[in-house]
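Peer 1: To convert, note that position 22 of the sequence shown is 26 in our numbering; the numbers rise steadily by one, no gaps. Sending over a structure as C-alpha cells; questions will come in a sec.
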Amino acid sequence: MMNVGDRLNLGCGPNAPAGLVNLDGSWNAWFTHHQCLRKALQRFGIINSSNQGAQWNVSPVVHDLRDPLPFEENTFFAVYGSHVLEHLYRSEADTLLAECRRILKPGGVLRLVVPDLHALVQNYLKNTNGGSTSQSEQAPADWLNERLAFRSAQPPGGNLAFKAYGFWKDFHSHKWMYDADSLSHYFENAGFASVMKKEYRCSEIRGIEEVEEPERVLEGAGICIEGKKLHA
Ligand SMILES: C[S@@+](CC[C@H](N)C(=O)[O-])C[C@H]1O[C@@H](n2cnc3c(N)ncnc32)[C@H](O)[C@@H]1O
C-alpha cells in the first residue's frame, strides 16, 4: 500500500490529486494558503479572479523549482511532472533533474511529460506544405508560435502588481523545448537508468491515472519520459 507521501507532483497547477504531495511555485499556489489576503486584494481590485489570484481547490507545497527541492534525499518512490520542465531554462532543468534523483528512493521513478518539439515541427511543416492559408484559418507560423509559447502575442497585461510578479517569476513562458531523444539524454546525464519514452498512463508509477491527464499527452499534446534511480 502506497502512502500519501510516496509520490510527488511537480508544478501541479490546479491538478493536485489528494493521493500525492503536490508542489507549485505560482502565486495562485501561495494564495491557497492565504485566502483572507487573496479576498482583501480582490476587494481592492489589486488582483482579479480570472487568472490573477485564481481560486484553486487544493493547497500545494509552495516552492520555486529553481531552488533545491525541500525534501530529504531518498524520500519518494515516484516524482511526476506534467508540462512544467519546459518552463525552466536548460541549466535550471538539469539542476532539477539532479534534485529529482536526490529525493527519489533507490528504485524510484521519475516521469516527466513535456510538449513534443518533434511533433510540433512536423505538424508545422505539414501545414506549410499545403500552400497558402485561408483567412479563416490560423497561419501555421502563428500556430507554432502559440505552442512554443516562448512569448505571448501581446506584451504582459494586467495591473502593475501582476506585471511585476510576471517579470519577477516568469513562470508561465516556455524557456526550452524537448523531443523524446533530447529529454532522454538529459535524464541519462542526470544519472537515471532504464530511460524510455512511455505511452499515456503506461508507467511503473502505481496510480498514474490519478495524475496524468489525457489532454496533456494524447493527440500530440505531449511525450512521457520515464527513468529510474538505481542506487543512492
Ligand atoms: C502549464 S502548467 C501545468 C500544470 C499541471 N501540471 C498540468 O499538467 O495541467 C505549469 C505549472 O508549473 C508551475 N511552474 C512553472 N515554473 C515553476 C517554477 N519555477 N517553480 C514552481 N512551479 C513552477 C506553474 O505555476 C504552473 O502551475
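Think of the CB as a built atom: it goes at the ideal place given N, C-alpha and C, for glycine as much as any other residue.
Mind listing, in chain order, the continuous beta strand (DSSP E) runs of no fewer than 3 residues lying wholly within the region 154-204?
Peer 2: Within the region 154-204, the complete beta strand (DSSP E) runs of at least 3 residues are 197-202.
Peer 1: My understanding is that Leu24 touches Val215, with C-beta atoms under 8 Å, so please give their C-beta distance in whole angstroms.
Peer 2: Numbered from its first residue, the sequence shown carries residue 24 at position 20. Numbered from its first residue, the sequence shown carries residue 215 at position 211. Yes, Leu24 and Val215 are in contact; Cβ-Cβ is about 6 Å, under 8 Å.
Peer 1: Report all residues from its chain with a CB closer than 6 Å to the CB of His67; omit the five preceding and five following residues, and keep chain order.
Peer 2: Taking the first residue of the sequence shown as 1, we reach residue 67 at position 63. Counting only Cβ-Cβ distances below 6 Å, and skipping sequence neighbours, we find Leu27, Gly29, Pro74.
Peer 1: Between Leu101, Ala82, Ala22, Phe81, which has its C-alpha nearest Glu90's C-alpha?
Peer 2: Translated into positions along the sequence shown, residue 90 becomes position 86. With distances taken between Cα atoms, Glu90 lies closest to Leu101.
Peer 1: Look up Asp98 in the DSSP assignment and say whether it is helix, strand or coil.
Peer 2: Along the sequence shown, one-based indexing puts residue 98 at 94. Helix at Asp98.
Peer 1: Kindly examine ligand 1 and report whether one of its heavy atoms sits closer than 8 Å to the Cβ of Glu213.
Peer 2: For the purposes of this step, residue 213 is taken as residue 209 along the sequence shown, with counting starting at 1. Every heavy atom of ligand 1 is 8 Å or more from the Cβ of Glu213, so no.
Peer 1: Mind checking Ser156: buried by the 16 CB within 10 Å criterion, or exposed?
Peer 2: The residue you call residue 156 lines up with position 152 of the sequence shown. The residue is exposed, with fewer than 16 neighbouring Cβ atoms inside 10 Å.
Peer 1: Taking the alpha helix (DSSP H) that Ala33 falls in, what are its first and last residues?
Peer 2: The count along the sequence shown starts at 1 and reaches residue 33 at position 29. Taken as a continuous stretch (DSSP letters only), the alpha helix (DSSP H) holding Ala33 covers 31-35.
Peer 1: Mapping DSSP to helix, strand and coil, what is Pro218?
Peer 2: Along the sequence shown, read from residue 1 onward, the residue named residue 218 stands at position 214. Helix, per DSSP.
Peer 1: Mark Asn193 as exposed unless 16 or more other C-beta atoms lie within 10 angstroms of its C-beta, in which case mark it buried.
Peer 2: Here residue 193 corresponds to residue number 189 of the sequence shown, with the count starting at 1. That one is exposed.
Peer 1: Return the chain-ordered list of same chain residues with a C-beta closer than 8 Å to the C-beta of His38, the five sequence neighbours on each side being excluded.
Peer 2: As a first step, residue 38 must be located in the sequence shown, where it is residue number 34. If we look at His38 and ignore the five residues flanking it on each side, it has no Cβ neighbours.
Peer 1: Rounded C-beta distance between Trp180 and Ala97? I'm assuming under 8 Å.
Peer 2: On the sequence shown, position 176 is the one that residue 180 refers to. On the sequence shown, position 93 is the one that residue 97 refers to. Confirmed, Cβ separation roughly 7 Å.
Peer 1: Buried or exposed for Ala44, going by 16 or more other Cβ atoms inside 10 Å?
Peer 2: Here residue 44 is taken as the residue at index 40 of the sequence shown, counted from 1. Exposed, because fewer than 16 other Cβ atoms sit within 10 Å of the Cβ of Ala44.
Peer 1: Quick check on Asp68: does DSSP put it in helix, strand or coil?
Peer 2: Position 64 of the sequence shown holds residue 68. It is coil, neither helix nor strand.
Peer 1: CB of Cys104 to nearest heavy atom of ligand 1: below 8 Å?
Peer 2: As a first step, residue 104 is located in the sequence shown; it is residue number 100 there, counting from the start. No, Cβ of Cys104 sits at least 8 Å from all heavy atoms of ligand 1.
Peer 1: Would you kindly check if the distance between the Cβ of Trp147 and the Cβ of Asp133 is under 9 Å?
Peer 2: Translated into the one-based positions of the sequence shown, residue 133 becomes position 129. Translated into the one-based positions of the sequence shown, residue 147 becomes position 143. Note that residue 133 corresponds to Asn in the displayed sequence, not to Asp. Taking 9 Å as the Cβ cut-off, Asn133 and Trp147 do not qualify as a contacting pair.
Peer 1: What is the rounded straight-line gap between the Cα of Ile212 and the Cα of Val125?
Peer 2: Residue numbering aside, residue 212 sits at position 208 when the sequence shown is read from its first letter. Residue numbering aside, residue 125 sits at position 121 when the sequence shown is read from its first letter. Roughly 28 Å between the two C-alpha positions.
Peer 1: For ligand 1, any of its heavy atoms closer than 8 Å to the Cβ of Phe175?
Peer 2: Against the sequence shown, residue 175 aligns to sequence position 171. It does: the Cβ of Phe175 is within 8 Å (strictly closer) of some heavy atom of ligand 1.
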